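So the structure is just underneath, and the comments pick up after that.
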Amino acid sequence: MKKVLIITYYWVPSGGSGVQRWVKFVKYLRDFGWEPIVFAPENADYPVIDDSFKTDIPENTTVIHHPIFEPYKLYHRFTGKKNKVIQTGFVSDTHRKSWKERLSGWLRGNLFIPDPRICWVSSSRKFLKRYLHSNPVDLIITTGPPHSVHLIGRSLKKIFPNTPWIADFRDPWTSVYYYKDLQTGKIADLLHHRMEKSIIEKADLILVVSDHMKQEYQSFKHRCIEVISNGFDEEDFQETATSDNTDSHFVITHTGLLTAKQNPKTLWKILRELSEEHTGLKQDLKIRLIGNADASVLENIRLNSLQDNVEVIPYVPHSEAIKFQRKSTVLLLCLIENPDTKCIVTGKLFEYMQSGRPIISIGYPDGDAAKIIAQTQTGNTFGFYNEQLLKEKILTYYQAYRAGTLNLEVNEKAIAQYSRKNLTKKLSLLMNQLIGI
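Sequential numbering of the sequence shown, starting at 832, is according to my numbering.
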């Protein structure tokens, strides 16, 4: 069986979206003739732990854990926020930052380039150089963010030039929506762009998760850029398919991190208005937020007199999140109002699609997520200030809920292409091409 080395920062027992993509690829790669070998940190400072993903890892999978120095632990001590989840990019999501947070943000953008996991690169390169001389593989894959992981792949490509290397970008690098918040100086900005260009030009294949990302990276004139999106695992839904999926309330559910920048203020305003205009809706409505919700989100809900309708549930295992999705009436997807987020196709979207519940997405109608929702006929996307259409759709869903006629006619064929197994098959075909099969 052909062997592939997968270098990733996020691995079991990490929770959240960052770990799922490659855990699921590893789960199915053997079905397509590839034996995965995973290289991950030994003592990583993961913000969320989810042991449920352990069951996805095939028996006897080789997982190599290598020590890492985590500057985030110093951040916790320095700012005194030991239990606070650090947002993507080491950038606080609050509007009022302490001087310690501002200093930490500046150091993140100008000292730790491209990111704080840069401390893992040198020792990993040395270890893998020795390991691969004794244990050769047919192909190497790096996945980021953190994009410093790609620097390991670049180093290994110099040492093993005949071994194909795939660089997988789950998010953009210098065009990601929070890049401008990193406070990078001119020198740091130049280094970021040079590193990104170097990775894209030297990898044998670039993988991205959306069409917008592919269009962006084609400006580098790389010879091979392919889109393999995130997806859903059909096996994750088998247990919930036979469970009790009913809920007596009209439940609008959001799963995962909900930051201040994602706060759907228009939605809370509309729900308040509908509660005042339609008898019974206030009593029937339940807003279920599963995961970490920023304080500003809860405050905005309170200002719209919906505090008695909200249910906040801290992070739950992935399997439990899927159960909550299936018990919901409507599922909520909130993007950030920034044109750079048009390329973002969050992993939860695909599980929303498989849940059988209608999706209300608040974002850009011409974004990649909106296109997938339209293609699969699993919901609707509304602009950030498109109040009237959003209000009409919520009322339509509520009236159908009251009448017991809320059914979603989806495009099953379009949805099926996003199953994890089908996506792994697509990946394996690309891998085979790289090694000349």
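C-beta: ideal position from N, C-alpha, C; glycine also.
On a predicted model such as this, the values are computed, not experimentally measured, just so you know.
Any non-hydrogen atom of the ligand GDP closer than 8 Å to residue i Cβ
i, result
"G846", "The ligand GDP is not among the ligands present in this structure, which contains no ligands whatsoever."
Distance CB(residue i)-CB(residue j) smaller than 9 Å
i, j, result
"F884", "S845", "yes"
"F870", "C950", "no"
"L836", "L970", "yes"
"K1222", "L1112", "no"
"D1171", "Y1008", "yes"
"K1202", "F1213", "no"
"K858", "D876", "no"
"S986", "R939", "no"
"V1143", "A1091", "no"
"L1220", "G1194", "no"
"I1059", "K834", "no"
"L860", "T1255", "yes"
"Y1249", "F1063", "yes"
"T1097", "F1215", "yes"
"V1141", "K1117", "yes"
"T782", "I1056", "The chain is shown from 832 up to 1268; residue 782 falls before or after that span and cannot be answered."
"D862", "D1042", "no"
"V1000", "H978", "Going by the sequence as given, residue 1000 is Phe instead of Val. Yes."
"E1027", "I1101", "no"
"N966", "I880", "no"
"R1263", "G864", "Note that residue 1263 is Asn in the sequence shown here, rather than Arg. Going by C-beta atoms, N1263 is nearer than 9 Å to G864."
"F1081", "Y962", "no"
Cutoff 7 Å; reference residue i; Cβ partners in own chain excluding five residues on either side
i, result
"N1061", "R852, V1040, V1176, G1178, F1181"
"W1099", "N1131, I1132, N1135, L1137"
"K988", "W996, K1033"
"T1236", "none"
Residue i (DSSP reduced to helix, strand or coil)
i, result
"N1140", "helix"
"W996", "strand"
"G847", "coil"
"Q1264", "helix"
"T884", "Here residue 884 turns out to be Phe, not Thr, going by the sequence shown. It is helical."
"V1007", "coil"
"F1051", "helix"
"T1227", "helix"
"W842", "coil"
"S1150", "helix"
"N914", "In this predicted model, N914 has a pLDDT of only 47, less than 50, meaning its place in the structure is not dependable; the value taken from the coordinates is given anyway. It is coil, neither helix nor strand."
"S1250", "strand"
"L1038", "strand"
"S923", "Any answer about S923 is weak, because its pLDDT of 43 lies below 50 and its placement is not dependable; what the coordinates show is given next. Coil."
"P872", "strand"
Residues of its chain near residue i, where Cβ-Cβ distance is below 6 Å and the 5 sequence neighbours each way are ignored
i, result
"D1067", "I1153"
"P1189", "V1161, G1210, L1239"
"S923", "Because S923 sits at a pLDDT of 43, beneath the cut-off of 50, its placement in the model cannot be relied upon, and the point is left open."
Cβ of residue i within 9 Å of any chain C Cβ
i, result
"Q1230", "Protein chain content of the structure displayed is limited to a single chain, and chain C is not contained in it."
Member of the options whose CA lies at the smallest distance from the CA of residue i
i, options, result
"T1110", "D1199, R1233, L1088, D1125", "R1233"
"P976", "K988, N966, L1261, R948", "R948"
"H1149", "P992, I1246, G1122", "G1122"
"T1005", "N993, Y1048, H1085", "Y1048"
"I992", "Y1008, V980, D1035", "Sequence check: residue 992 is Pro here, not Ile. Nearest of Y1008, V980, D1035 to P992, Cα basis: D1035."
"I895", "L959, F1081, V879, F1155", "L959"
"I1266", "T994, N1140, T1086", "T994"
"I997", "Y1146, I1037, P902", "I1037"
"L1022", "V980, T839, D946", "D946"
"Y1146", "Y841, D882, T839", "D882"
"A1205", "I1030, T1227, H1043, N1242", "N1242"
"D1115", "I1083, L1254, T1097, E1032", "I1083"
"G1087", "R1054, L1163, G1016", "L1163"
"A1247", "G1235, T1207, L1237", "T1207"
"K1244", "L1102, M1184, D1020, H1080", "M1184"
"Q1156", "I1191, N1169, A1126", "I1191"
"H1085", "F856, N1169, S1186", "S1186"
"H964", "I990, G984, V980", "I990"
"A1124", "L1261, V843, L1089, G984", "L1089"
Cβ neighbours of residue i in the same chain (closer than 8 Å, five flanking residues each side left out)
i, result
"W937", "Q1014"
"P898", "P872, E873, N874, S954"
Check: Which parts of the stretch 946-994 are runs of the alpha helix (DSSP H), unbroken and 4 residues or longer, counting only runs that do not cross its ends?
Finding: 952-965, 979-990
Checklist line | Minimum length 3: unbroken beta strand (DSSP E) runs contained in the stretch 1161-1221 | finding: Within the stretch 1161-1221, the complete beta strand (DSSP E) segments at least 3 residues long are 1161-1165, 1190-1193, 1210-1213, listed from N- to C-terminus.
Next item on the list: May I have a chain-ordered list of the alpha helix (DSSP H) segments no shorter than 4 residues that lie completely inside the stretch 1055-1120?
Entry: 1069-1072, 1096-1108, 1112-1115
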